[in-house]
Amino acid sequence: MADPNFLKFGTLALHAGQQPDPATGARAVPIYQTTSYVFQGADHAAELFNLERAGHIYSRISNPTVAVFEERMAALEGGVGAVATASGQAALHLAVATLMGAGAHIVSS
């Protein structure tokens, strides 16, 4: 895809974050409904879990469909990145935890 800085909103909404599948020619990314992924070996799994290599480990953590959604939202909002969560409560937790420093306290009711 061309540089997102030069694309209009409608084009980004349809195409940002994905490339056509070279094997099938599909324009849109498929919906991946798997929960787990195959590792090439123990070292490969260790690199993924240690965040030394990009890849998917478990769908609750990351998933190709959600990754495209996150990239698309970042492109539409002009951001560096985005994080998709399964619930509003998880989103609020991430927002608050990001703003908190080590040893900080939260008081809520």
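Position one of the sequence shown corresponds to residue 0 (numbering that gives the first Met the number 0), numbered consecutively onward. C-beta atoms are modelled at their ideal positions from N, C-alpha and C, and glycine is treated no differently.
Quick check: the Cα distance between residue 32 and residue 5, rounded to an integer number of angstroms?
The straight-line gap from Cα to Cα measures roughly 33 Å.
Throw me the rounded Cβ distance for the residue 71 and residue 16 pair, which I believe falls under 8 Å.
In this structure, residue 71 and residue 16 form a Cβ contact; the two beta carbons are roughly 4 Å apart against a cut-off of 8 Å.
Do the CB positions of residue 90 and residue 84 come within less than 8 Å of each other?
For residue 90 and residue 84, yes; Cβs fall inside 8 Å.
Residue from 93, 29, 54 and 20 whose Cα sits closest to the Cα of residue 36
Residue nearest to residue 36 within the set 93, 29, 54 and 20 is 54 (criterion: CA-CA distance).
Given that a residue counts as buried once 16 or more other Cβ atoms are within 10 Å of its Cβ, and exposed if not, what is residue 47?
Burial state of residue 47 is buried, judged by a 10 Å Cβ sphere holding 16 or more other Cβ atoms.
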